[in-house]
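Input: a single structure, listed below in structure tokens.
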Amino acid sequence: MKRRKVDLSRLPAAAGEALDERFQAATPLRRLMNKVFPDHWSFLLGEIALYSFVVLLLSGVFLSLFFDPSMADTKYTGSYTPLHGVEMSQAYNTAVRLSFDIRGGLFMRQMHHWAALLFMAAIVVHMFRTFFTGAFRKPREANWIVGVLLFWIGLLEGFCGYGLPDDALSGTGLRIMTAIVLSIPVVGTWVTTSLFGGEFPGTVILDRLYIAHVLLIPGALLALITVHMGLLVKQKHTQWPGPGRTNNNVVGVRMFPGFAAKGGGFFMIVFAVIAAFAGLFQINPIWLFGPYKAAVVSAASQPDWYVMFLDGSTRLMPAWEIRFHLWGGGYTLPPIFWPTVVLPGILSMLPMLYPFLEARWTKDKRVHNLLQRPRDVPMRTALGCMAIGFYVVLLLSGGNDVIADKFNISLNAMTWAGRIGILLVPPLCFYVAYRICLGLQQHDREVLAHGVETGIIKRLPNGQFIEVHQPLAATSNGHGDEHGAGLEYAGWTVPKKMNRLGALAPTVKGFFYPIEKPAPPTARPVEAPVSPAPAREEITSGH
Amino acid sequence: MSSEQSRRPLARMVPAGTRATRSRLRRRLSAGVRLLAALTLVGGLYSSFAPGIGQAQDTTPKLSQSAEAGKRLYEVSCVTCHGNNAQGVDQRGPSLIGVGSAAVKFQVNTGRMPLARQEAQAERKDPALTPAQADDLGQYIQELGGGPQLPDSGALAGDVAAAKNDPNRLAHGGEIFRVNCSSCHAFSTGGGALSSGKFAPSLEQSKTDDIYAAMLTGPQNMPVFGNSELTPQDKADIIAYIQNLNSDQDPGGWGLGRYGPVPEGLVIFLVGIAFLVFATLWIAGKS
Amino acid sequence: MSTHTDTAPADEELDVLDPRNTKFDLIKEGARRDGVEIVHYAPRFPVAGTKAERRIERSIAFLFFLCFLGGMGFVVTYIWWPWRYESGAAPAVLSKLYNPLLGASLGLALLTLGMAIILWAKKLLPEEVSVQVRHDGQSPRDEQILTAAHITNMGEELGIKRRPLMMGALSLAALPLGLAAGAPIVGAIIVDPHRKDENIFDETGWNPKYNNGQPIRLTREDGSPIKPEEISVGGQITVYPGIPGGATNEHADSPTLLIRLRDADAKTARDNAANNTRNAGSQWGSYVAYSKICTHAGCPASLYEQQTNRLLCPCHQSQFQITDNARPIFGPASRGLPQLPIDVDSEGYFIAKSDYKVQVGPAYWERP
């Protein structure tokens, strides 16, 4: 039979046609490739979380091939001698085996754990960027809520994850979680015994944590991430104000090839950071902790950093137990209820409601696609700094015994410092941030009105010394009026140094030292190429 | 010269008319001498026959040579806070009766004693006395009041070495360590905070004898783990576990001090996020 | 074919099939149809083959080469470098370097790959500024009206409102099906915490029922019983019920701290306990036994300070005064540790006279 010759040069086109016949992909594909993304460094922070999630999925698959979450008892016979013959659960056994008896297993475990820490850190940093720039406003309230949910579900996933090896540190954490759930009024004991299938720790909890960790919660996370990305694609990304940018357009680079290349490159860099950490920094050395036993604990016991603020709130809470009598029975609200159930409830609800609260307060119903500089919304920025102050005090209090030990401070004093700090630090942060914002705003207006300080000191004939200011634009009388009738503030960076004038980007390029030949100025969207500079006069304008 | 005066030649020197005074004075003088002689006689008789005050100093037990040297060291370095006979001084130092040479050797060889200042807890510092001096001091306290003693240093070192080579003993040491010791000294043996400024010190550099002595004598707020609670073999197993842990390099890279989630969280922000933020600045700039 | 009308302003449709179109014309037209206007598109090196361009190319190529080295290093290390566990330190024990080498090589490979791609995008791809039109706000009015009509029509056609029998029947049918979804949860997953035969919260492993009604001996982890003289003054030991599995997590609420107090402290403890109806008589000589399970959140409260007689829990820094019924004196714990009443049996070993007299561990809503 005659064989048809395959025309290689036509292969891609033929494949494309075959796909298009079935899926009509031509237009949607091109539309995707032409999507424009604005180009700012702070817009890449969320991607760190996305790429960490991919690494988590990949490394997690590897780990799941070797890990067994069973709580059945076994004796250790692996190669780590200090655990030789020790009785432990299968879960701990397989986790230690992964670390010492599977080639590259420790590397994978550490990659998985560091990626989890980075995932949560990136979410926090991204969340603050979104908050401080006002990107959560209409129409993106739903995306903001999805983001807050991603934080809390990510926290839960991390908790389930580090509890799986059944080591003494995470087992203690599980015990504390039990106490937290127990403290919930009315249903606490029911939820706890149902979760554990009986008394703590029972024989099923690890299997349940495992299925939550590898199936249920990742499913929820994937769904939420898809919604998050989908909303972003549909609503398009926000952007900073600037030349050519309006509330109704997006100025930037198209997806292919520019933005995708940057995204792909950044993925490699994030992955590189995780891989480097996995090899160079040890994390969660479970073999030092031994298997979980109810009588074993260590000094310096903390949960992973993203849960540590709740440990801090628990440590600071005074011993205020509420007992009361109802219908002939005595009922208890243990002190642990407030810092670990009520506080997270408030901390999840309040951020989710914030976009609506702020819209109500500012009476703002418009659609916003342009970002705001934090200094231009001092109330929001101050509130955010207050939240950060609150969070950091709790975070530090979560590690207060390590701080006490390493810095020779009394443990009791650390607790009291935290209790007082949690009341004093947030208002202080609020006030300081607010004043700084106002000050920055004022400086912007001042430069717009009077021009940039040149550093040239001039002596007037009457003996007065003045600094010469370079106005930012020519106005009718050569410089702005005394009372700010110069340029209008456009919501974007006001150049404050001489070498930033004209291009809104440094004309002297180079990060650590100037590059000898200055780069050509980047053309702005709607202007003709730069014409030669006009002859300049001596600078004589004042102030 | 009168005839009276010639019969008594000394009288010649006395002016006439003072004969009655002279003899009264003389009588008094001679009475005083007689009294003095009588008192001396009685006193001497008394002191030679009465139970000797001087003999009271001789009721202390005879100390060995090492203990004598220790006693001299004690009187220089320790007596201010621990008292003349190691009975303790209120608000300054506890009694050392019954603490044993093991306690002394621990405190002195780790430099904790002599105490530099009164604070929440004695701090480990460079020892002020040599090990030989510590031995002498310990011997003195041991002979004074008794108490627990360290086993032979060489034998203990041998037992610890044997335990390090025996996986069963090493693992057993780990198990007892985690039940009894890690709550204060941490899984990593790096130590931890106790209440009100006290702390359990790091064991990362601790010597065999010091660890043994600490378990045996329970210095300051550390509980006492006597030999019927943790046998000498148990103690050797624990020491072997601790020392093996600290000589075993972290397989996962730099251990971050083995302090757990606190430095891990710090590193992810200060190194990871910081590096990535710089990376984003490079990638996208500030347009 | 899409029929959207949202093109960027000012241009007319290009004839795509015109053979005089340049590639860039096609690009611009495609972008225009997607609502994008490419306002600036300049190659970085308009003159091909300049020194500067070659320098960039060389840097990128070098980065790719480093990536190759890193990748090869990773594969070689992964497969051939010694990795089995040995106690000791590098460089004597090479396996200690296995993980760091893996991290360094893979990190290098990925970092250089990422940098190469980014450099390619930043320095070789053309400079570009594009503007895309957003389409915010409401859908066109007629679309809204049409969709609303569809939805309301659905309701009308189904006719639920004018068929009350159907509505009632539907609601009735839905009820058990809704319950059916909840049945597995209630029937299988939910466990009654106060089941009489289990007594999860009211009993621990010290309950004599585990020993045929006999008091249970205090034992070490290996099961050996304990005599009073085995604990030194100022000493403490963790004890477990002397029943099968007593020292395992099967009885995770049972670990107990047995402490031998100094005589003066023992007297203080006894005096303080005398005023407490539960704890009076639980002490034996100068020995006290308290539950190790912290009443705050359940961690083992095990940092015993023998001079201050405080028991510190490392999790949240609750402190309990052992000489005063183990009542909390600092930190978030609000209830003292339960005391185990102890005695010595005829053979001289410690026994628990009874179970704890109060619930062990963290509190809960219906705690008596």
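Protein chains in written order, with our numbering: chain E, 210 to 752; chain C, 826 to 1112; chain A, 25 to 392.
All C-beta atoms, glycine included, are put in the ideal place defined by N, C-alpha and C.
What you are looking at is a predicted structure, and each value in this text was computed from that prediction instead of being measured.
Using a beta-carbon distance below 8 Å, is residue i in contact with chain A?
i: P1048 of chain C; result: yes
i: I385 of chain E; result: yes
i: A712 of chain E; result: With a pLDDT of 47 at A712 of chain E, under the threshold of 50, the predicted position of this residue should be treated as unreliable, though the coordinate-derived value follows. Closer than 8 Å: no.
i: Y600 of chain E; result: no
i: F275 of chain E; result: no
Contact criterion: CB-CB distance below 8 Å. Does residue i meet it with respect to chain C?
i: I597 of chain E; result: no
i: A255 of chain A; result: In the sequence on display, residue 255 of chain A carries Ile and not Ala. Yes, because at least one Cβ of chain C sits closer than 8 Å to the Cβ of I255 of chain A.
i: L336 of chain A; result: yes
i: Q581 of chain E; result: no
i: S606 of chain E; result: no
i: V334 of chain E; result: yes
i: S507 of chain E; result: yes
Does any C-beta atom of chain E lie closer than 8 Å to the C-beta of residue i?
i: K251 of chain A; result: no
i: N45 of chain A; result: no
i: K316 of chain A; result: yes
i: D1075 of chain C; result: yes
i: N1069 of chain C; result: yes
i: C1009 of chain C; result: yes
i: P1086 of chain C; result: yes
i: A881 of chain C; result: Note that A881 of chain C scores 49 on pLDDT, short of 50, meaning its location in the model is unreliable; the coordinates nonetheless yield the value given after this. Output row for A881 of chain C: interface = no.
i: S326 of chain A; result: yes
i: G127 of chain A; result: yes
For residue i, which residues from the same chain have a beta carbon less than 8 Å from its beta carbon, with the 5 sequence-adjacent residues on both sides left out?
i: I362 of chain E; result: I426, A429, L430, L433
i: K284 of chain E; result: G294, V295, E296, M297
i: M526 of chain E; result: P544, I545, W547, P548
Between which residues of its own chain and residue i is the CB-CB distance below 7 Å, once the five residues before and five after are set aside?
i: P392 of chain A; result: none
i: A1039 of chain C; result: F931, M1047
i: I1108 of chain C; result: none
Given residue i, which residues of its chain have a CB within under 6 Å of its CB, disregarding the five upstream and five downstream residues?
i: F599 of chain E; result: P635
i: Q679 of chain E; result: G660, V661, T663
i: F340 of chain E; result: G593
Using a 10 Å radius around the Cβ and a threshold of 16 neighbouring Cβ atoms, would you call residue i buried or exposed?
i: A72 of chain A; result: exposed
i: H275 of chain A; result: buried
i: S261 of chain E; result: buried
i: Y871 of chain C; result: exposed
i: F1012 of chain C; result: buried
i: G868 of chain C; result: exposed
i: H504 of chain E; result: Before going on, a small fix: residue 504 of chain E reads as Ala here, not His. Its Cβ being crowded by 16 or more others within 10 Å, A504 of chain E is buried.
i: T262 of chain A; result: buried
i: Y328 of chain A; result: buried
i: Y640 of chain E; result: exposed
i: L597 of chain E; result: With the sequence shown as reference, residue 597 of chain E is identified as Ile, and Leu is not the correct amino acid for it. By the neighbour-count rule (16 or more Cβ atoms within 10 Å), I597 of chain E is buried.
i: G689 of chain E; result: Residue placement at G689 of chain E cannot be trusted, given a pLDDT of 48 that sits under 50; what the coordinates show is reported in the next sentence. Flag for G689 of chain E reads buried.
i: R3 of chain A; result: With chain A covering only 25 through 392, there is no way to say anything about residue 3 of chain A.
i: D1035 of chain C; result: buried
i: Q511 of chain E; result: buried
i: T74 of chain A; result: exposed
Who does residue i pair with in a DSSP beta bridge?
i: R334 of chain A; result: A:E329, A:Q345
i: T301 of chain A; result: Beta-bridge pairing links T301 of chain A to no other residue.
i: I184 of chain A; result: BP columns for I184 of chain A are empty, so no partner.
i: R351 of chain A; result: A:Q345
i: F374 of chain A; result: A:V368
Just checking: is the beta-carbon of residue i within a distance shorter than 8 Å of some beta-carbon in chain B?
i: I1108 of chain C; result: In the displayed structure, chain B is absent; the protein chains listed are E, C and A.
Closer than 8 Å, Cβ to any Cβ of chain C: which residues of the region 96-116 of chain A, in chain order? Y109, S111, G112, A113, A114
The region 512-535 of chain E: positions lying closer than 7 Å to chain C by Cβ: P512, D513, W514, M517
Chain C contacts made by the region 355-379 of chain E, where a contact means CB separation under 8 Å: A377, L378
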